[in-house]
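> What follows is a structure written as structure tokens; I'll ask about it next.
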Amino acid sequence: MGGAMEMKKRINLELRNRAPEKVTELVLDNCRSSNGEIEGLNDSFKELEFLSMANVELTSLAKLPMLSKLRKLELSDNVISGGLEVLAERCPNLTYLNLSGNKIKDLGTVEALQNLKNLKSLDLFNCEITNLEDYRDSIFELLQQITYLDGFDQEDNEAPDSEDDDDEDGDEDDDDEGEDEAGPPGEYEEEDDEDDGGSELGEGEEEEEVGLSYLMKEEIQVKAVNSTSSKKQREAACRLLRLLGGVDPQQRKTRQ
């Protein structure tokens with residue numbers, strides 16, 4: 001890391017002419033610590049909520065300032081092997097701590113994190129301690145306040161990436177609910193369509209039925225007329241049929 005910027009210079013650069021007490025997030029990844037110590041950070045960064053010092057060759061946290069509002073601390077890929085009790089003293093409200101890729105070897109070192117009462121997520125990836133038998137069970141037993149270890153809880157459920165994901169899930173749920181609500185009207189429309197189709201069929205059937213009944217009536221009428229005994233009665237019956245809209249059997253005979 002010979003060409004890396006010194007931590008103190010990097011902090012001044014990241015401030016961008018802001019006062020330290022106005023800064024809530026500070027990323028100092030890949031800069032160069034001073035002999036493995038934190039340099040340039042002080043108590044004036046009192047509003048800091050997120051601090052990242054990944055891959056800066058840190059060996060000690062002794063010079064970490066008082067950061068009472070700090071919630072997330074990234075310390076991955078350093079050379080930290082102990083001295084974690086400093087975290088509970090200087091950052092009492094930490095909820096997320098990433099120590100992956102450090103030189104942490106045993107449970108005794110991690111025990112110092114018991115005093116971080118608000119700690120919910122701890123990462124120890126690529127630390128020697130992860131090779132211990134029953135590593136996960138031991139850590140969960142030792143640090144009963146944490147929910148996630150190396151990104152997963154005790155039941156192997158993955159930790160959510162961020163609050164944004166939760167919001168997106170919520171939006172999706174809302175969309176689903178909207179679809180559900182929209183469902184019934186659509187169903188009703190389909191039913192209406194079916195009814196319309198049914199009524200069209202019904203009308204056709206009715207027309208057929210009317211036609212059949214009319215033919216049947218016509219046959220009956222013809223038979224009735226033909227069965228009338230006298231010629232006068234038949235002629236009278238035919239006139240009556242014509243008035244009623246029936247078919248004159250005489251005309252029918254001529255048609256045939």
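According to the UniProt record's numbering, the residues represented by the sequence shown are 1 to 256, in order.
Yeah, the Cβ is synthetic: ideal placement off N, Cα and C, and Gly gets one too.
(1) Using the three-state DSSP reduction, which class does PHE152 fall into: helix, strand or coil?
(2) Measure the CB-CB distance between GLY40 and ILE11 and report whether it falls below 9 angstroms.
(3) In chain order, what residues of the same chain lie with their CB nearer than 7 angstroms to the CB of GLY170, ignoring the 5 residues before and after it?
(4) Which word fits THR24, buried or exposed, when buried means at least 16 other C-beta atoms lie within 10 angstroms of its C-beta?
(5) Apply the 10 Å Cβ neighbour rule to PRO184 and answer buried if 16 or more other Cβ atoms are within range, or exposed otherwise.
(6) Assuming GLU37 contacts LEU26 (C-beta within less than 8 angstroms), just tell me the rounded distance between them.
(7) Please say whether ASN93 and LYS63 have beta carbons closer to each other than 9 angstroms?
(8) Could you name the residues that DSSP lists as bridge partners for TYR96?
(9) Using three-state DSSP, classify SER44 as helix, strand or coil.
(10) Please list the terminal residues of the continuous alpha helix (DSSP H) segment that includes LEU142.
(11) Quick check on LEU61: does DSSP put it in helix, strand or coil?
(12) How is the beta strand (DSSP E) around LEU87 delimited, first residue to last?
(13) Indicate whether LEU75 and ASN98 have their beta-carbon atoms separated by less than 9 angstroms.
(14) If you draw a straight line from the C-alpha of GLU89 to the C-alpha of SER121, how long is it?
(15) Taking its Cβ as the centre, do 16 or more other Cβ atoms sit within 10 Å of GLY101, making it buried, or is it exposed?
(16) Is there at least one non-hydrogen atom of the ligand NAD closer than 8 angstroms to the beta-carbon of GLY108?
(17) Give the DSSP-derived three-state secondary structure of LEU26 in the structure shown.
(18) Rounded to the nearest angstrom, how far is the Cβ of ASP29 from that of ALA4, given a contact under 8 angstroms?
(19) Nearest-angstrom Cα distance between THR228 and ARG239?
(20) Among ASP161, LEU113, PRO160, which one has its Cα closest to the Cα of LEU143?
(21) Quick test of your reading: GLY83 and SER52, contact by CB under 8 angstroms. State the CB separation rounded to the nearest angstrom.
(22) Alpha carbon to alpha carbon, what distance is there between ARG234 and VAL225?
(23) Which of helix, strand or coil does DSSP assign to ARG18?
(24) Leaving aside the five residues before and after GLU47 along the sequence, list all residues of the same chain whose C-beta is less than 8 angstroms from its C-beta, in chain order.
Walking through what the data contain:
(1) strand
(2) Yes, the pair counts as a contact, with Cβ atoms nearer than the cut-off.
(3) Residue confidence is low: GLY170 scores 44 on pLDDT, short of 50, so the model does not pin down where it sits. Its coordinate-derived value is still stated next. If we look at GLY170 and ignore the five residues flanking it on each side, it has no Cβ neighbours.
(4) So THR24 counts as exposed.
(5) Unreliable placement is indicated for PRO184, whose pLDDT of 42 sits below 50; the coordinate value is still reported in the next sentence. Exposure of PRO184 is indicated by the presence of fewer than 16 other C-beta atoms within 10 angstroms of its C-beta.
(6) Their Cβ separation, rounded to whole angstroms, is 17 angstroms, which puts GLU37 and LEU26 out of contact at 8 angstroms.
(7) No. Outside cutoff.
(8) LYS72, SER121
(9) coil
(10) 135-142
(11) coil
(12) Per DSSP, LEU87 belongs to no beta strand (DSSP E); it is in the alpha helix (DSSP H), 85-90.
(13) Cβ atoms of LEU75 and ASN98: closer than 9 angstroms.
(14) 18 angstroms
(15) buried
(16) Judged by which ligands are present, the structure shown has none, so any question about the ligand NAD falls away.
(17) strand
(18) With a Cβ gap of about 10 angstroms, ASP29 and ALA4 do not count as contacting.
(19) The predicted position of THR228 is uncertain, since its pLDDT is 49 and thus under 50; no value can be drawn from it.
(20) LEU113
(21) In fact, because the Cβ distance is near 19 angstroms, the residues do not count as touching under 8 angstroms.
(22) Only weak support is given to the placement of VAL225: the predicted model assigns it a pLDDT of 47, under 50, and the value that follows is read from those uncertain coordinates. Taking the Cα positions, VAL225 is about 6 angstroms away from ARG234.
(23) If DSSP states are grouped into helix, strand and coil, ARG18 belongs with coil.
(24) GLU21, LYS22, VAL23, THR24, LYS69
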